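Scroll down for the structure; my scribbles are underneath it.
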Amino acid sequence: MVNRIIRNPYILIAPAIILVSVFSLYPILFAVRVSFMNWDTVLGTKENVGFDNYIHIFKDPVFWKVLKNTLIFAFFTVVIGIVMAFVIGIFLQKNRFSDNLVQSIIFTPNILSAVSVTVMWMWLMDPNVGIINYVLKWFGLPTLKWMMSPDTSLMSIIIVSIWKGLGYNVMIVIAGLQSIPRYIYEAAKLDRAGRWTTLFRITLPLLSPTLFFLLITSIISSFSAFDVVSLMTNGGPENSSNLIVYWIYQIGFLQFNIGKASAGSILFMIMVSIIAVINYVFFNKKVHYQ
Amino acid sequence: MSYAAKVLRVLLLLTLVLVFVFPFIWMLSTSLKTYLESIKFPPDFLPKAPQFVNYSKTYVRIHFFHYAMNSVIVTFSIVIGQLLVCIPAAYAFAKKKFRFAGLFFAIVLIDLVLPAQVTFVPIYVLVSDFGWLDTYWAMIIPFIYSSFAIFFMTQAFKQIPDELLDAARMDKATELQIIVQLMLPIAKPFVLTAMLFTCISKWNDYFWPLILTNSESVRTLPMTVKGMISDTPGLTQWNELMAGNMMLIIPILVLYIAANRFIKNAFVYGIK
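Read top to bottom, the protein sequences are chains A and B.
Using this note's numbering, the first residue of the first sequence is number 1, and each one after it goes up by one.
Using this note's numbering, the first residue of the second sequence is number 1001, and each one after it goes up by one.
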């Protein structure tokens, strides 16, 4: 009996298809529909309002600030994250004991909850009693208010995000480096290629598919950043560290405006889709394969 | 390697170790201080007398046992649910030929591309329509499906030669026997990798418990530690907060030290 049922492939895939339909496909369509509604979850009122939510969003100065913050956040976390991962990856690529140990150490924040990591950093960055300000003072540098000030709050969440993600990026770079065949380096040596020539003419081009993969996934994940914002700053002060997903959360869950929040989700989805399409186009054509 | 490169490498390694180890040591040290020691500025590196009592106080204060049990219930239910949903699907996609297989596979993979943050608003509405808010259902059912697990296991099952399955069928093995006694043992490392990845990410999750629950009853461990941060700056009991955070970190750190290489691979190949 069981045997007859599980011989049918449609029955085997049915639970997965039902779940993905209910919790992924339907929510996307639902968000599109609700984005054209004025839906207040407290009063329970619903009405169709056409493009009003979108118009509101585009007229909202907070949205533009949040978008700008998101772009700045993504730019710095992605660029610094990948450049540092590349440099560290080059230095840690051998299978030595010390290299493996340091790889494991810098990977640790990746397996920890965002809560653990941010709580730890809020303690380090506390404006009054934090050790980082103590070190700055010790070096005779001005101390900062970190996540408490509009000037430095975005920087604070950028630093924590890079710190948390660096180990993962390094592992990807090392996996990429190890997949480059040794004989190419041996040939370069025979041709008397110098260290820098080898790095820029061989390693970098052959690593480019890996770096490009890292670039796209990092951009999407930094656009989706929520935990660090929610935990460290709640988007503040004065929206200085508010990013798009947290802003959508604020509208939907703190202002109870599900329609406007859905419109925000749709705009967010469009941004992510553009990145995914760029990925698809470039990944298939432009990037150097060996 | 030239002398300069060696020096540079050692300096880089030491800097990295300092930047990545010091925060943990500082947290451990703070967790053993008295409140007054913890807010002393300039700080002392070590507490005068280690206050292990911070841990027992915090254990009671944050209802550690209650939240840890919730974390265990939620995480293990999701892992078991994923095994039951994803293994059959992966088996079908890897080893069966059927109409629209490509289309269904594309549907299954849709949220491999789209981040969860796209659909959290409608999922909240849906879950509250089901009457699931503040229940284990909300924390479990939407997550017993995983695109990644299906994709990863499909790739693993595809590597098992069809001849092996045919031979088993000749010996009158049932379909269930083929999955459980033939495919799973061969693909065990891949299945374990996928489940380890699920385990760690659900154990650590902060986003979904925040969205899908309002009361404390079914919330998980990270939520309660987060709750210890005082809303009024300057009033946080840093020493107890760090003790709470240590209690959140230690179980997963022990797991990481025990299965280091395995976990790193789970993440690197997991996300890739």
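Ideal Cβ placement from N, Cα and C applies to all residues, glycine included.
Keep in mind it's a predicted model, so treat the numbers as computed, not measured.
- When C-beta distances to chain A are compared with 9 Å, the residues of the segment 1204-1226 of chain B below that value are N1204, D1205, Y1206, F1207, L1210, I1211, L1221, P1222, M1223, V1225, K1226, in chain order.
- For the C-beta of A/L43, not a single chain B residue is nearer than 9 Å; the gap to the nearest is close to 15 Å.
- With a threshold of 8 Å between beta carbons, A/R7 makes contact with chain B.
- Going by C-alpha positions, A/T152 is about 7 Å away from A/K145.
- In the structure shown, A/K46 falls within a strand segment according to DSSP collapsed to helix, strand and coil.
- For the set B/Y1091, B/L1253, B/P1189, the Cα lying nearest the Cα of B/E1175 is the one of B/Y1091.
- Proximity of the segment 1210-1230 of chain B to the segment 58-70 of chain A falls short of the contact definition, fewer than three beta-carbon pairs being nearer than 8 Å.
- The three-state reading of DSSP puts A/W146 in helix, counting H, G and I together.
- The C-alpha of A/V62 lies about 58 Å from the C-alpha of A/N3.
- Residues of chain B with a Cβ closer than 7 Å to the Cβ of A/S24 are, in chain order, I1110, D1111, T1119.
- By alpha-carbon distance to A/F75, the top candidate from A/L199, A/P150, A/I220, A/L25 is A/I220.
- Among the residues facing chain A, B/K1264 is included, as its CB has a counterpart in that chain under 8 Å away.
- The contact set of A/N69 on chain B, defined by CB atoms closer than 7 Å, is empty, because the minimum CB distance reaches about 16 Å.
- Under the Cβ criterion of 8 Å, B/W1026 is counted among the residues facing chain A.
- Annotation: Cβ neighbours of A/Y168 in chain B (cutoff 7 Å, chain order): F1267.
- No Cβ-Cβ contact shorter than 8 Å links A/V173 with A/G235.
- Note that the segment 210-217 of chain A does not touch the segment 35-42 of chain A; fewer than 3 beta-carbon pairs, one per stretch, sit closer than 8 Å.
- A distance below 8 Å separates the beta carbons of B/I1263 and B/L1196.
- The segment 258-276 of chain A makes no contact with the segment 227-234 of chain A: fewer than 3 CB pairs, one atom from each, lie closer than 8 Å.
- The beta carbon of B/I1039 sits closer than 8 Å to those of W1238, all from its chain and outside the five residues before and after it, given in chain order.
- Not one beta carbon of chain A lies nearer than 8 Å to the beta carbon of B/C1199.
- When the five nearest sequence neighbours on each side are left out, no beta carbon in the same chain lies closer than 8 Å to the beta carbon of A/Y134.
- Think of a sphere of 9 Å around the beta carbon of B/M1242: the chain A residues whose beta carbon falls inside it are V119, M120, W123, in chain order.
- In the DSSP assignment, A/W39 falls outside any alpha helix (DSSP H) and within the unbroken beta strand (DSSP E) covering 37-40.
- Here B/C1199 is not near B/V1060, since their CB atoms are 8 Å or more apart.
- Comparing alpha-carbon positions, the option among B/F1076, B/P1043, B/L1028 lying closest to B/N1054 turns out to be B/L1028.
- The shortest C-alpha to C-alpha distance from B/F1052 to any of B/T1030, B/F1064, B/Y1067, B/P1042 is the one to B/T1030.
- DSSP places A/N239 outside both helix and strand once states are collapsed to three, so it counts as coil.
- Using a Cβ-Cβ distance cut-off of 8 Å, the segment 164-179 of chain A and the segment 97-113 of chain A are in contact, since at least three pairs of beta carbons, one from each stretch, lie closer than that value.
- Listed in chain order, the non-local C-beta contacts of B/F1267 below 6 Å within the same chain number zero, local neighbours out to five positions each way being set aside.
- Note: A/N257 is bridge-paired with A/D40 in the DSSP secondary-structure output.
- Given a length threshold of 4 residues, each whole run of the alpha helix (DSSP H) inside the segment 1189-1218 of chain B is given here in chain order: 1207-1212.
- If you draw a straight line from the Cα of B/I1249 to the Cα of A/S116, it is about 7 Å long.
- Taking 8 Å as the threshold, the shortest C-beta distance from B/I1249 to chain A falls below it.
- At a cut-off of 8 Å between beta carbons, A/L112 contacts chain B.
- Take the alpha-carbon of B/G1081 and the one of B/Y1145: they are about 8 Å apart.
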